[in-house]
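Below is one structure, written out as structure tokens; comments come after it.
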Amino acid sequence: MKKLFRVGLPLLLFCLAPLVVSAQSFRVQCPTSTITHPDLNKTGNSSEPAYTGPTTLSPGTNGFLTPTANVNGAIKCQQIGGGDGMSTMGDGTQIYMFSFGPLSGLADIADGLAGTEFPNVFNTVYPGTFVPGDPATTLGAGAGGAGTAQNPVPIAFPYNGAVGLAPDVDAIANGNCVAPCLDGHVDPRAIIDVGVMNGNIPAPLLAMDEDDEVFFTLTNVGMIMRPDLFEQHTVHFHGYPNASSFYDGVPDASVAINIGGSFTYYYLAPDAGTYFWHCHITPPEHLQMGMVGQLYVRPRQDRVPTGGDLYTYLGYQQNDLRTKCDSNADILCSNPLPAVNTGVTNPAAVYNAATSGTNGPRPGYGYNDGDGSTYYDVEYPIQIHGFDPSFHFVGMTFNPEQFNDMKDKYFLLNGRSYPDTVTPGPLATQATDGKMHFSQPLPSIISIPAGGRALLRISDLDVTEYQTLASLGIPMTVIGFNAKLLRDQAGNNLYYTTNSITLGGGESLDVILDTCTDPDRASHPTTCTAPLATGTYYLYTPNLDHLSNDAENFGGLMTEVHIN
Amino acid sequence: MNAMNTKMITSKSRLLVLLVLALLLTATAHAAAPGITGPSFNLTAQASSISQPDGAAVYSWGYGCNGAPAGFAPAAITNTFCNSMQVPGPTLIVTEGQAVTVTLTNNLPAAAGNTSILFPGFNVTATGGVPGLMTQEAVPGGTVTYTFTASSPGTRAYYSGTQGDLQVEMGLYGAIVVLPSSVPANCTGGLHAANLAAEQHWGEADFRLAPAAYDHASTCYDREYLFQFAEMDPKIHAAALAQVTAAGNCTAGAPGCSLNVPTEPYQPAYFLINGRSMPDNMDPNYALEYPHQPYNGNPHMHPGELTLIRVIGTGRWQHPFHEHGNHVRILARDGNLILSQTDPTKLGGRLEFTTDTTPGQAFDGIYYWSGKGLNWDPYGHHPGSNDPSATLPCTPDANGYNTGAPTAINFWEWCQDHNKPVQVAPFGDVASGGPATLPDPNIFANGPWYGGSPYLGPDATLRATGCMSSSALQTNAPNCGASGSTPPSGTIANSPSSEAGFAFMWHSHNEREITTNNIFPGGMLMMMLVDSREFVINESN
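If you read the protein sequences in the order shown, they are chains A and B.
Residues in the first sequence are numbered consecutively from 342, following this note's numbering.
Residues in the second sequence are numbered consecutively from -13, following this note's numbering.
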């Protein structure tokens, strides 16, 4: 039905609405003050305050509740482009994708981090001039510079703002806005230069903190290799509880943005957990072709002040009807107060006003557990996916697509198959524009300090079959499933230890790899007396036919875990 | 013209036909969990054809009623029928503790050989027929009887126990629902009574089979649906038909009077919810154009209603099924309630946004949608409006919901976001001053289930699009449709003026399964609509 509307509806709209408002439809949104985040402290909502209790809400003059004190969370913004691109498989094959690419947070994403930025970062203008392929081109990728498999170096790109952001000169001239007037107006040239053929697999990583307002702008730059397709794209925030259908990204149930336009999706960050996102246009096609990405929400517990008793602070969350979990009243909440008060307090490493909410790595918790049981020293988003090279070849050309014949031949962890999974730094691919692009920025090597705990945020967006991921040597403890803490309504943790997990497409779970063997580990999650031996361990699939890269009987769904 | 263009044109014209059909039918089509009552059931296994949205009539085998059943449930559904062959088979609805008798007559073609039924989860006594590998079987033309006590509540599968790789693939499967013998008191009081009062106020019938899924106070529900997932490889069905035809009226047991249908390699092309592919599954229950596929998949619900979904995986593949809009609490698997190990008054099942189904396995889950946490008012309330519906109060109960007024259209509104706007700019008669700016309506495309605005329900949508329904003057946007708001054109399956629900896609996330014989959309996909209270959900059709 959507295919019908793809042609018919725009035509219809075109006929009905000859009064086209403006030629330029690209724009971004990242306010520094909103109803929910009124910026009482005049910081531009660009840091995460400590969580000391619920936001104080008071009736305002407009008939709704407004925050008047103790405002939690911040504002986060991100821009992504929807289009196409090329990526490199483990056997060296370059494969065509429909894909999302970064149009903000370019440096963070090239460093393997999320591209979700505070307003004071997002709302900055690039001091130079973008060239196609950036940031890979400027960094010299492919010419011995950053981003080649052979020569990974730390990414030294200076800019994390919104690509294309420019002063709104018309508004300034009209007297409606005072210079520099960064109101979301963009220069489309920069967006096209950076956004075309710039697809990533997985799509740019989103990360947010509970209580954040998130402005996520999808800019549809078109698919230059398929000019015959006037494809819309959307963002489906998979698992968003109590979603509105408007921002759910299902084109059949909402609206979808055409080429040349931007659509800003607005979310209040939902309950903490590991979600993911993807395009929802013709899902069997667009997901197989690569429009899949990762997304997680950090818990309020990450913002408990140092030394704060976690049980007490989870108790504070019961004082706000939005954040409380009363199992007697709500059958769909998963983190009531734990049955056992462990008395665990927050270590100093977790909350730091200067870095909390930024994309840099730091220790934290998977969920608001109230007992410290989901503590991690390091976290790794891992997305399982599969590519069918025949379908991608057809997708690059003009043939009908056979969904029933779909058969994945490349099995991917963060868009890479072994041995690329253990290459540090971003993988670059030369696209059909002749430029190197950071096609697969996210490595999948897991590095854990000896005695420490790693949280693996694992999601699966394979569109054809279930996949299993096993751990060799380090037990897996599953603490969350589908972005919910594994806890029963009586407060008992339902974590389980296993050596493998199995996921179908559209599923996620959270695994802790604990490199500490202390028998009383639960009572001291942040210290260890008997760590596992340092060295290399493996994550791999026991679906043994998936340990392959197309015709090569080697590679596939496997990566290394380094205990340092 | 190249091959692709040809394909696109055929598929589009085909879809156009489907769309028109869908238009004619979806307006009143809703689901429920319909079936037949017993406790004695007289079933037959027969061959016929089931229809698919690409126009195919697929030769299949199914269970059906051998004569009129004792009754149909729920009582609010009329126009029921139970033909002698249907896929899935009749849903058998019994009550905990009843002695159930199922008599099966084998009216399959003689070449198909014996057949039978397995009832996993029950202690079955089989009488008559001939011994088979797993149970007593009915020979062609013969009968067999299965008796058992409906020992515990829940949803379970039944299916053929004879050459299952062929017979289940051909369609010999169904569901048995056991209702609890006693209903916990809290399931008929409190908010459940308020939901019932709201239904009665708007003239909705109660389509539930019972107020609780189990003899447990945490299993109350306000609405329910049953979905059976299966996939189908048409090559197997074509081979079976060819061999049955070649065998003619052969005598059972005679040389050559048998089938040798290869069931591997397996390449399904149809992915079914209750025997139908999308969009057929959103046509009514007991629609006359599907004489052999009476059950639909077209869930609707109101905010705050606890909705029980009874789901069974049939066939041979697993399906990760994604319920957009919220999580599902798994209550039970195969009729086994999952409780906390330390406090049996509390639930212990997982919360999932993508529920796995495995062949032969059933689960019961609870889902609801309330809009809590959106951070904006989905009803688009506007204190400055002249429309009384736009200025309704929201009085939070102990959990923050407006549950004190079951007759109000914002019954179950989440009050913390009451009156809170989402949009920066004025949007019809909905308050402005919010955080987000919508794209220019000229640069996006509307979906057929888009309600015409970001808001829930016709009152909010008509105000948002400048077409306020009351005679009162709009406080903003005086002219209908000239407000610069979203043109609600093309929203054919979710009328902005009468429904304007929030539509959520419920679908297999093995995304290639949301196709029908290689055409998207189709297959294992249905749209779930959250409807505001103004919209009367009528599952009777």
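No residue lacks a Cβ here, since even glycine has one placed at the ideal position from N, Cα and C.
On a predicted model such as this, the values are computed, not experimentally measured, just so you know.
* Which residues in chain B sit within 7 Å of T375(A), going by Cβ to Cβ distance? -> P421
* To do: Just the C-alpha distance for P248(B) and P434(B), rounded to the nearest angstrom, thanks.
  => 41 Å
* Pull up the DSSP beta-bridge partners for F257(B), would you. => E217(B)
* Buried or exposed (CB count within 10 angstroms, at least 16 for buried), T875(A) -> exposed
* By Cβ distance below 7 Å, which residues in the same chain neighbour L827(A) in space, the five residues on each side in sequence not counted? -> V819, I820, G821, N834, L835, Y836
* To do: Give a yes or no on whether the C-beta atoms belonging to N396(B) and Y365(B) are separated by under 7 Å.
  => yes
* Taking contact to mean at least 3 C-beta pairs separated by less than 8 Å, is the region 424 to 440 of chain A in contact with the region 880 to 898 of chain A? -> yes
* Asked: Between the C-alpha atoms of R368(A) and D342(B), what's the straight-line distance to the nearest angstrom?
  -> 40 Å
* Cα-Cα separation, L4(B) to A226(B) -> Residue placement at L4(B) cannot be trusted, given a pLDDT of 42 that sits under 50; what the coordinates show is reported in the next sentence. Cα to Cα, L4(B) sits roughly 28 Å from A226(B).
* **Whole-Å CB distance - D550(A) paired with G414(A), under 8 Å assumed** => 6 Å
* Helix, strand or coil at C206(B) [DSSP, three-state] -> strand
* To do: Taking only beta-carbon positions, decide if A171(B) is within less than 7 Å of chain A.
  => no
* Taking contact to mean at least 3 C-beta pairs separated by less than 8 Å, is the region 571 to 578 of chain A in contact with the region 615 to 623 of chain A? -> yes
* To do: Whole angstroms is fine: what's the gap from V125(B)'s alpha carbon to G756(A)'s?
  => 55 Å
* For the alpha helix (DSSP H) that contains Y907(A), what are its first and last residues? -> No answer is possible for residue 907(A): the residues shown for chain A start at 342 and end at 905.
* Output the distance between the C-alpha atoms of I421(A) and T805(A), rounded to the nearest integer angstrom. => 26 Å
* Can you name the residues that DSSP bridges to S603(A)? -> T560(A)
* To do: Count the other C-beta atoms from every protein chain shown that fall within 10 angstroms of the C-beta of Q327(B), then say buried if there are 16 or more, exposed otherwise.
  => exposed
* Asked: To the nearest whole angstrom, what separates the beta carbons of N464(A) and G505(A), a pair I think is in contact under 8 Å?
  -> Not quite, the Cβ-Cβ distance comes to about 12 Å (not below 8 Å), so this is no contact.
* Asked: Taking C-alpha atoms, which residue in Y708(A), L559(A), P545(A) lies nearest to G614(A)?
  -> Y708(A)
* **Host beta strand (DSSP E) of I352(B) (start-end)** => 348 to 353
* Asked: In the structure shown, what three-state DSSP assignment does E458(A) receive?
  -> strand
* Those residues which DSSP pairs with V596(A) across a bridge -> N432(B)
* **Residues of the region 728 to 758 of chain A with Cβ closer than 7 Å to any Cβ of chain B, in chain order** => F739, N740, P741, Q743, F744, N745, M747
* Asked: From P782(A) to A451(A), what distance separates their C-alpha atoms?
  -> 5 Å
* Name, please, each residue of chain A whose Cβ falls closer than 7 Å to the Cβ of L337(B). => L673, S675, N823, K825
* Report, in whole angstroms, the separation of the C-beta atoms of M528(B) and H305(B), which I expect to be a contact under 8 Å. => Chain B is shown from -13 up to 527; residue 528(B) falls before or after that span and cannot be answered.
* Per-residue DSSP class, three states only, for H308(B) -> strand
* **Spatial distance of I79(B) from G57(B) (CA atoms)** => 10 Å
* Measure from the C-beta of F488(B) to each C-beta in chain A and report whether the shortest distance is under 7 Å. => yes
* **Contact list for the region 368 to 388 of chain B against chain A, Cβ threshold 8 Å** => P369, P382, A384, N385, G386
* **Cα-Cα separation between D593(A) and G525(A), rounded to whole angstroms** => 28 Å
* Within its chain, find whatever has a CB closer than 6 Å to the CB of C666(A); leave out the 5 residues flanking it on each side and keep chain order. => C674, N676, P677
* Asked: Could one say the Cβ of G467(B) lies closer than 7 Å to chain A's Cβ atoms, at least one of them?
  -> Residue confidence for G467(B) is low, a pLDDT of 49 falling below 50, so the modelled location carries little weight and cannot support an answer.
* Asked: Under 7 Å, do Y200(B) and L323(B) count as touching if we go by C-beta distance?
  -> yes
* Please check if any C-beta of chain B sits within less than 7 Å of the C-beta of I598(A). => yes
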